[in-house]
Amino acid sequence: MNITPIVHYTLYYPVFVVGHPCRFDRFSTRRGTCIFPCRCTHDCDQVTGQCLNGGQCKYDHPSGYKWSGPSCQTGNVAYHKTASQSTAKWNERYPASKAVDGSIDLSYQHCAGLYGGRYTNAWWKVDLGGNYNIYRVVIYYINKYCKAGYFGWRCRFQCYRCPTCDSVTGKCPSPCKNNRWGVGCMLSSGCYYDEEKGRHYMGRTSGGYTSGKWHSCISWIQQNRKPDSWFPDGSRSAAGHYCRNPDTYKGGPWCYNNTRHNWLDCRLNHCLCDSGRFGVICEKECHCNDENENCQNNSPKGRCNSGCAPHFKGHICQECIDGHFGVFCDGTCHCRFGSCDLTTGQCPSGCAAGWTGDNCQIGAQQSSAFTLSVGNSSDVNDHTQCASHNGAVAAGATVNESCTATGRYLSIRINGEADNHLTTLCEVVVIGHKYICTYPLFLSFW
Numbered sequence: 011m012n013i014t015p016i017v018h019y020t021l022y023y024p025v026f027v028v029g030h031p032c033r034f035d036r037f038s039t040r041r042g043t044c045i046f047p048c049r050c051t052h053d054c055d056q057v058t059g060q061c062l063n064g065g066q067c068k069y070d071h072p073s074g075y076k077w078s079g080p081s082c083q084t085g086n087v088a089y090h091k092t093a094s095q096s097t098a099k100w101n102e103r104y105p106a107s108k109a110v111d112g113s114i115d116l117s118y119q120h121c122a123g124l125y126g127g128r129y130t131n132a133w134w135k136v137d138l139g140g141n142y143n144i145y146r147v148v149i150y151y152i153n154k155y156c157k158a159g160y161f162g163w164r165c166r167f168q169c170y171r172c173p174t175c176d177s178v179t180g181k182c183p184s185p186c187k188n189n190r191w192g193v194g195c196m197l198s199s200g201c202y203y204d205e206e207k208g209r210h211y212m213g214r215t216s217g218g219y220t221s222g223k224w225h226s227c228i229s230w231i232q233q234n235r236k237p238d239s240w241f242p243d244g245s246r247s248a249a250g251h252y253c254r255n256p257d258t259y260k261g262g263p264w265c266y267n268n269t270r271h272n273w274l275d276c277r278l279n280h281c282l283c284d285s286g287r288f289g290v291i292c293e294k295e296c297h298c299n300d301e302n303e304n305c306q307n308n309s310p311k312g313r314c315n316s317g318c319a320p321h322f323k324g325h326i327c328q329e330c331i332d333g334h335f336g337v338f339c340d341g342t343c344h345c346r347f348g349s350c351d352l353t354t355g356q357c358p359s360g361c362a363a364g365w366t367g368d369n370c371q372i373g374a375q376q377s378s379a380f381t382l383s384v385g386n387s388s389d390v391n392d393h394t395q396c397a398s399h400n401g402a403v404a405a406g407a408t409v410n411e412s413c414t415a416t417g418r419y420l421s422i423r424i425n426g427e428a429d430n431h432l433t434t435l436c437e438v439v440v441i442g443h444k445y446i447c448t449y450p451l452f453l454s455f456w
């Protein structure tokens, strides 16, 4: 499951007391304390902290967040700070540092990843670099969609010149450009990808070389030799005048170049699918526990040496385990009795108590219960809990949790068995200071 926390702090100032000058770079609402730094491009009022002489709140880092608020005390201090998480296996693809890189992109590629699944009590933490007073945490739950132009499980694949392709299937609303074909327009027309000499080739090459000369194909509909069922397109008409191999000719895809049944060899290459994909036209994707494993190199193709990823099963990890459904098996069945439809999630027995909708997903919980903790030790087990959340939360929802505590480390712990948690942004704001992180949790304090 994916969550995106943000933490907001509310700054309360006492009654102003005038007549207690601070240095030019400090201010205070109480006489003699001068505890707040001036964060203006020019001088600030020594009592209120407001910018003077046309000054504005400054940037604490050239590429970081700008300080804000009436006295410029709300800003980013967790930017590029040290962050860590419990699951080392995800550190390469979804490192904890992506929760503090300043990006608010909600796609998988820009998130830190907490992995639950077969593991319990997953956590993520950030070292704020000093003790700060924390007041409130607001968590924004990430949605499951890929950013424009990407698709598939974990949004690993990019559509070729098709920024509006379907985020699940990779299908483009218009024909592929530059003679591309296949899922996400990822396949080259100069290649076939199956092990049957291009029997499943549906590219758009319409010619080849014979005796060193270029020849063009004629439409298959002008020939009566091959039945429609022999063509991967579904019919001779759909195959048009493009190279095909309906009879699994050993030389690969071919075509006729005149009505007297003269034929030519299209001379296509046998190519491999992109890493992470397999199938006769690369229509399947690997669902391995190790996301970096390229299952097309295994025998049979699709088998995962590292085992199936959470929620998948089968000898090539293409089936959902009991209790889950959907293309990526990321939907949870909520049936009164028995299992749900593996594609739609619909329940023949009706919905379990507390669940409604055509497939019993209204009110679906997108994450396991979590706790927020603060402490001065780097060991999350030594942190003191300041808030918890146990209710069901829909994807994209916002949860506000009061978290009044003082400490150097802020940690988020997923209780019990959990799904995959991805965080994109974490902002931490305290009195006089603010921290921003980027993780499937957005943490921000006001």
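Numbering (my numbering), first residue to last: 11 to 456. Yeah, the Cβ is synthetic: ideal placement off N, Cα and C, and Gly gets one too.
In the DSSP assignment, A109 is bridged to no other residue. The secondary-structure analysis by DSSP pairs I422 across a beta bridge with W134, L382. Assignment of W163 by DSSP, reduced to helix, strand and coil, places it in the helix class. Secondary structure remark: continuous alpha helix (DSSP H) runs of at least 4 residues inside the segment 175 to 263, in chain order: 246 to 249.
Rounded to the nearest angstrom, the Cβ distance from M196 to D284 is 6 Å, consistent with a contact under 8 Å. For C370, the three-state secondary structure derived from DSSP is coil. Taking each of S383, Q356, K236, C327 in turn and checking the Cα distance to R423, the smallest one comes out for S383. Residue G192 holds the alpha-carbon nearest to the alpha-carbon of P242 among G192, I144, C281, C327. For T354, no beta strand (DSSP E) encloses it, and the DSSP letter there is neither H nor E. Of the other Cβ atoms in all chains shown, fewer than 16 fall within 10 Å of the Cβ of S226; this residue is therefore exposed. For C296 against G317, the beta-carbon gap comes to about 12 Å, at or over 8 Å, which does not count as contact.
Rounded to whole angstroms, the separation of the alpha carbons of W365 and C44 is 55 Å. Here C345 carries a strand assignment [DSSP, helix/strand/coil]. In the structure shown, N143 falls within a strand segment according to DSSP collapsed to helix, strand and coil. G262 is positioned such that its CB atom lies closer than 9 Å to that of G208.
I144 and G123 have their alpha carbons spaced roughly 24 Å apart. A direct Cα-Cα distance of roughly 20 Å separates H90 from D389. Going by C-alpha positions, Q328 is about 6 Å away from F322.
A Cβ-Cβ separation of about 6 Å places G194 in contact with F161 under the 8 Å criterion.
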